[in-house]
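S.K.: After the structure tokens below, expect a handful of questions from me.
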Amino acid sequence: MAQAAASTCEICTAGPCEYYCQQCDQSFCGSCKSSHLRTKSCKNHTFLSGPNINKEEKLLCTEHEEIYFFYCQDCDTPVCRICSVEKHSRHLMTDITKSAEKLRVEVVKNIEAKVTTSKVNLSKIEKETKTYRDEVKAVIKTITEEGNYWKNLIDKKVGSFVKLLHDEEQKTIQNITALTKVYRRDIENCQQWEKKIKEMDTMADVLLFERLKKLKVDVDNIDLKPVPEGSYVSYRNKKPSGTEIDSLFGEMQFKPKKSQKRYKYTCGLCGNEQVLTNEPETRTYGYVLKI
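Position in the sequence shown (from 1) plus 2 gives the number in our numbering.
Next comes the structure, spelled out in structure tokens:
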């Protein structure tokens, strides 16, 4: 663990401590920092500032207690000056600061590429979701229209049945009404004749006979027709099965869309994945197919 940074600059001992040099393990004021970086051997030193000064851990070589200055690419590890001579003398070495900066750039580019891809995918999802919801609305509209079509046909059929019943009812009632009038008229005639017969009780027999003889003719002329059988109406309904109803409608399908296979390509220079195509190619505009 690095010691806590001093409250004043360790170089001039006058200015406030504002920066901490990771390579020198010293605190600097702003002026001394600028002078430090102008020194040829220290121009690549890295500084911490602000709250990081008193919180940063200084990593040292566990074997030599030396600051890491190099990065061994063969061993993929940071090394100090002594390790670079004793254990990594023939290995490919780079400055640790430059290696960290290069790695930082690569990581940032990779993150940016991931963010870009994620945004593209998110946009695609949102677009496909809207398309799917529009398709659902369209299907609902089609089904509703189809249902209304059949309902209209049913309403028309019901209306025709009801009209037929009303027409038949009117015709039957007219016939019954006419027959009723005939019987009522016959009853009235018979009642009048009964009244006349009672009034004839005081007539002489000869006159009564003549009168009754004429009345008998009128009575005999009444032809009492038999009452016709009552009208009958019924309806035998049908109960269609579910399969018969289903046959009136179309078929609904739920299937995922077939997506084209996409081939990913990696830049031969920066390693970023930036090109997607529908057909595999060995090279595309400087990008190499990633298997």
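Each residue gets a CB set at the ideal place from its N, CA and C atoms; glycine is no exception.
Can you name, in chain order, every residue of its own chain whose Cβ lies under 7 angstroms from the Cβ of isoleucine 84, other than the five neighbours on each side?
M.R.: His66 and Glu68
S.K.: Over the uninterrupted beta strand (DSSP E) stretch that includes threonine 96, give me the two end residues.
M.R.: Unbroken beta strand (DSSP E) run through threonine 96: 95–97.
S.K.: With distances taken from CA atoms, which of Cys63, Leu94 and Leu62 is nearest cysteine 74?
M.R.: Leu94
S.K.: How about cysteine 26 and cysteine 19: do their beta carbons lie closer than 7 angstroms?
M.R.: Contact check for cysteine 26 against cysteine 19 fails: the beta carbons are separated by 7 angstroms or more.
S.K.: For leucine 50 and tyrosine 22, which I take to be in contact (beta-carbon distance under 8 angstroms), what is that distance rounded to the nearest angstrom?
M.R.: Yes, leucine 50 and tyrosine 22 are in contact; Cβ-Cβ is about 4 angstroms, under 8 angstroms.
S.K.: Would threonine 48 pass as a contact of threonine 99 if the rule is Cβ separation under 7 angstroms?
M.R.: yes
S.K.: Terminal residues of the continuous beta strand (DSSP E) containing cysteine 44?
M.R.: Element bounds for cysteine 44: n/a, residue is neither H nor E.
S.K.: Specify, as a first and last residue, the run of the beta strand (DSSP E) that valine 81 falls within.
M.R.: 79–82
S.K.: For the alpha helix (DSSP H) holding leucine 226, just list the boundary residues, first then last.
M.R.: Careful: leucine 226 lies outside any alpha helix (DSSP H) and carries neither H nor E.
S.K.: Of the residues Lys198, Gln194 and Leu62, which one's Cα is nearest the Cα of cysteine 82?
M.R.: Cα-wise, what sits closest to cysteine 82 is Leu62.
S.K.: Tell me the rounded alpha-carbon separation between glutamine 172 and tryptophan 152.
M.R.: 30 angstroms
S.K.: Name the DSSP beta bridge partners of threonine 10, please?
M.R.: Pro18
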